[in-house]
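Heads up, the thing below is written out as structure tokens.
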Amino acid sequence: MMYLRKNSSKHLLILILLTVVCFSCNYSKAKPSSEASLASYFNNEEIESLNRITRFMNSYICDSEASNGTQISDCLQEHIERSKESMESNKGMDFIPSDSIHKLLDSLPTSLVNEWWYHPPPHHKSSHPKSIYLRTNSRYTRFLYNYGKIEPKAKGYHDRLVAIGVIGPSAIADILVNYKEYPLQDTRMQILLLIHFLTLETNI
């Protein structure tokens, strides 16, 4: 009887351990990383272009500006803080040379650039003749919409963009003032902010 009880206890312990392991495996499968989830928003060409944009922005935000950060999330936070200081001192946010930005845009597939952005009409009062604006109905804004279902800051950004048709003052201010509420470690949020700053830089 003693042997049976010990053997039964061993079997029970093994069963519990197997249950825990299986639950952990299922949980990790049910929660894909933010990087992997990009494939559900963008096609291969867009993901390749996003990688190019990320490398370009990273070279300016982290390297050219002598950031102390080692991760893009750290560099983004420092960039936002510097942008906030510049805005408060009325210096603007001109961190990236316009020619470099347009060389980047020229290197991307024309179909993608035209689908995500548009140039204002000639009579539009723009501060720069090569200004670009985000379209409010594109695969990128659909990405913002879907990401906004799980991230309130993305929802607010998307809703403001669609409501007024441009990246307005309230969207800019919210990022500068409340950046600590933004999940900067999330690849999807990094994309939102990198596209945000890239677009704004053409309007300076």
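Residue numbers (our numbering): 190 to 393. The C-beta atom is built at its ideal place from N, Cα and C for all residues, glycine as well. Quick caveat: nothing in here was measured; it's all calculated off a predicted structure.
Cα-Cα separation between residue i and residue j, rounded to whole angstroms
| i | j | result |
| --- | --- | --- |
| valine 366 | methionine 276 | 11 Å |
| proline 309 | leucine 293 | 19 Å |
| asparagine 326 | valine 355 | 12 Å |
| tyrosine 334 | leucine 350 | 11 Å |
| asparagine 240 | asparagine 233 | 11 Å |
| tyrosine 307 | isoleucine 236 | 20 Å |
| arginine 324 | isoleucine 353 | 11 Å |
Counted within 10 angstroms of its Cβ, other Cβ atoms place residue i as buried (16 or more) or exposed
| i | result |
| --- | --- |
| serine 296 | exposed |
| isoleucine 290 | buried |
| threonine 391 | buried |
| lysine 342 | buried |
| isoleucine 285 | buried |
First and last residue of the uninterrupted alpha helix (DSSP H) at residue i
| i | result |
| --- | --- |
| isoleucine 290 | 287-296 |
| glutamate 370 | First-last for glutamate 370: undefined, no H or E at that position. |
| leucine 265 | 261-277 |
| isoleucine 397 | Outside the displayed span of the chain (190 to 393) sits residue 397, for which this structure offers no information. |
| asparagine 303 | 299-305 |
Cβ-heavy atom distance, residue i to the ligand FAD, below 7 Å
| i | result |
| --- | --- |
| aspartate 348 | What this structure holds is no ligand at all, so the ligand FAD is not there to describe. |
request  = Identify every run of the beta strand (DSSP E) within the segment 307-367, keeping only runs that are complete inside it and at least 3 residues long; order them along the chain.
outcome  = none
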